[in-house]
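J.:
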Amino acid sequence: MIRVSAPALIQVGSGLHPKKVAAPCHGALYWTVMARVVSALRIGPHEIWPPIVLAPMSGVTNRTLRALYKPFGFGLTVTEFVSSNALQFGSARTMEMIDQHGLEQPVSTQLWGNDPAIMAQAAKIVRECGADIVDINFGCPAPKVTKTEGGSACLRDVYRCEAIMRAVVAAVDCPVTIKMRLGWTENDLVFIDVAKRAQAAGVQAVTLHARTAKQLYRGSADWQRIAELKAAIDIPVIGNGDLTDAHAALARMRESGVDGVMLGRATLGNPWLVSALRALMNGEVPAPHPSAADRLRFAVVHYETMVAEWGEARAVPQMRKHLGYYLKGFYGASDLRERLMRTLTAAETLGLVRQTIARLESVPECAVA
Ligand SMILES: Cc1cc2nc3c(=O)[nH]c(=O)nc-3n(C[C@H](O)[C@H](O)[C@H](O)COP(=O)(O)O)c2cc1C
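In the working numbering, the protein residues as written are 1 to 369.
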C-alpha cells in the first residue's frame with residue numbers, strides 16, 4: 001500500500017514547481033515533494049525546463065547529437081550556426097544544418113550574417129522549416145566569419161546589430177534571441193549597450209559568452225560581467241562560459257542571477273554532467289557518475305546512431321573526435337585513442353570499443369571513474 005505523507009515542500013523562490021517523487025521511508029513508500037531550486041526559463045511562449053541550454057557548436061550540434069543529448073537534461077538545444085547568405089541558395093548541406101530530428105523540440109536555429117535584409121529573409125526560411133526560436137550569432141570570432149563583418153564583428157557596430165535585430169524580429173512570428181560576446185576587444189565592452197538595444201528591438205533573451213572576440217577561448221569567462229548584464233536588462237539572460245561542474249554551474253547561476261545556463265565543450269563525451277545539473281535544479285541528489293564501461297556503451301549508441309543517420313563515410317571521421325571525448329579520464333586512454341584514430345571502418349572501431357568495454361568489465365579497477 002502506498003501511504004501519502006504531508007508534502008514536505010521546500011519552496012526556495014518564486015514560481016517554482018514542486019515535483020512529486022516516491023521516496024522509501026521506514027519501509028513504506030511516502031510521497032515527498034521535491035522542490036525545484038531555480039525557475040524555468042521563459043522565452044516567449046516556451047517554458048524551458050530545466051533552464052539548461054546546449055551551446056551551438058559548429059560541426060558538432062547536428063540533429064543527431066541534439067536528439068541524443070537532450071534527454072540527459074537540456075531544456076533547449078541550438079543548431080550549429082548557419083550562414084544567412086548560404087540559406088538563400090538552400091543547398092542540401094545547408095538545409096541539413098537546420099534540419100530537426102523531431103525529438104529535440106523546442107529548437108533554436110542560429111543564424112549569422114551582416115545584412116539586416118538577408119538575415120530577415122533567412123529567419124523566415126528557418127521559421128518555415130520549423131525553428132521554434134531564431135537566434136542571432138553576434139559571438140563567432142572565426143576569421144572566415146568576421147572578415148565579412150559577421151558574428152562577433154557585428155559588435156564593432158552596434159547600429160548594425162540593432163538593424164539586424166529589428167529586421168529579424170519583424171520577419172518572424174516566433175521569439176528571437178541573440179548570443180554574443182562581451183565585445184570585440186576589452187576596450188570595447190558593448191555587451192550592455194547591445195543587450196539594451198536588443199530588449200528595445202523585441203528580442204526575447206540574451207546569451208552572453210563572457211569573453212571578448214579577441215580572446216577567442218583564452219583566459220576565463222568573466223561571470224561578473226554576466227551578473228552585470230542580468231542587472232541591466234529585464235529580458236532573460238543565459239550565462240555561458242567554462243561551466244564544467246554541476247555544483248559550480250548551479251552556484252554560478254545563483255550568484256549571477258541569470259535565468260539559464262548554457263553548456264558546451266564540457267558536455268561533449270560527458271552528457272551526464274547535464275543530468276547531474278538537472279538533478280540539483282530539481283532539488284535531488286545527482287546519480288553517481290556512470291562507470292567507464294557504461295560511458296563507453298553510450299558512446300557505442302552514439303556511434304551507431306551517427307552511422308545510421310549520416311552514413312559511414314561521414315560518421316566515422318566525426319565520431320573519432322567524439323570517441324576521444326568519451327575516453328577522457330580512462331586508464332590507458334591515450335593508447336586506445338591512438339588506435340581508434342587509425343581505424344577506417346565503423347565495424348573496426350566499434351570492435352575495438354566493445355573489446356575495451358569487455359576488458360573494463362573483467363578488470364573494473366582499470367577504469368578511472
Ligand atoms: C567546436 C565549437 C563550435 C562552436 N560553434 C558555435 C556556433 O556555431 N555558434 C555559436 O554561437 N557559438 C559557437 N561556439 C561557442 C559555444 O557555443 C560556447 O559559447 C563556447 O564554447 C563557450 O562555452 P563552453 O565553455 O561551455 O564551451 C562553438 C564552440 C566550439 C568549441
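Glycine included, every Cβ here is placed at the ideal spot set by N, Cα and C.
Quantities reported herein were computed from a predicted structural model and do not represent experimental measurements.
1. Curious, which full-length alpha helix (DSSP H) runs of at least 4 residues does the segment 80 to 105 contain?
2. Hey, quick one: how far does the beta strand (DSSP E) through residue 184 stretch, first residue to last?
3. Could you give the first and the last residue of the continuous alpha helix (DSSP H) run that contains residue 313?
4. Compute every distance between the C-beta of residue 110 and the non-hydrogen atoms of ligand 1, then say whether any falls below 7 Å.
5. Taking 7 Å as the line, does the beta carbon of residue 58 fall inside it for any heavy atom of ligand 1?
6. Report back the beta-carbon spacing between residue 324 and residue 337 to the nearest angstrom; my notes put them in contact at under 8 Å.
7. Please report how far the alpha carbon of residue 228 lies from the alpha carbon of residue 335, in whole angstroms.
8. Since residue 47 is in the beta strand (DSSP E), which residue starts that stretch and which ends it?
9. Nearest to residue 333 by alpha carbon, out of 315, 345, 352?
10. Just checking residue 80 against ligand 1 - is the residue's beta carbon closer than 7 Å to any of the ligand's heavy atoms?
11. Just verifying my parser: in three-state terms, what is the DSSP assignment at residue 289?
12. Taking all protein chains shown into account, decide if residue 200 is buried (16 or more other Cβ within 10 angstroms of its Cβ) or exposed.
13. So for residue 205, helix, strand or coil by DSSP?
14. Could you tell me whether any Cβ in chain D is nearer than 8 Å to the Cβ of residue 180?
T.: Let's see:
1. 84 to 89, 92 to 97
2. Numbered from its first residue, the sequence shown carries residue 184 at position 184. No beta strand (DSSP E) holds residue 184; DSSP gives it neither H nor E.
3. In the sequence shown, residue 313 corresponds to position 313, counting from 1. Counting along the chain, the alpha helix (DSSP H) containing residue 313 begins and ends at 312 to 326.
4. Your numbering for residue 110 matches position 110 in the sequence shown. Yes.
5. Reading the sequence shown from its first residue, position 58 is the one you call residue 58. Within the cutoff, so yes.
6. For the purposes of this step, residue 324 is taken as residue 324 along the sequence shown, with counting starting at 1. For the purposes of this step, residue 337 is taken as residue 337 along the sequence shown, with counting starting at 1. Contact holds; Cβ gap of about 6 Å.
7. In the sequence shown, counting from the first residue as 1, residue 228 sits at position 228. In the sequence shown, counting from the first residue as 1, residue 335 sits at position 335. Those two C-alpha atoms are separated by around 45 Å.
8. One-based indexing of the sequence shown puts residue 47 at position 47. Run containing residue 47: 46 to 48, per the beta strand (DSSP E) assignment.
9. The count along the sequence shown starts at 1 and reaches residue 333 at position 333. Comparing Cα-Cα distances from residue 333 to each of 315, 345, 352, the minimum goes to 352.
10. For the purposes of this step, residue 80 is taken as residue 80 along the sequence shown, with counting starting at 1. Yes, since a heavy atom of ligand 1 falls inside the 7 Å radius drawn around the Cβ of residue 80.
11. Here the question's residue 289 lines up with position 289 in the sequence shown. Note: residue 289 maps to coil in three-state DSSP.
12. Within the sequence shown, numbered from 1, the residue matching residue 200 stands at position 200. By the 10 Å Cβ count, residue 200 comes out exposed.
13. Position 205 of the sequence shown, counted from the first residue, corresponds to residue 205. Residue 205 falls in the strand class under three-state DSSP.
14. Among the protein chains of the structure shown there is no chain D, as only one such chain exists.
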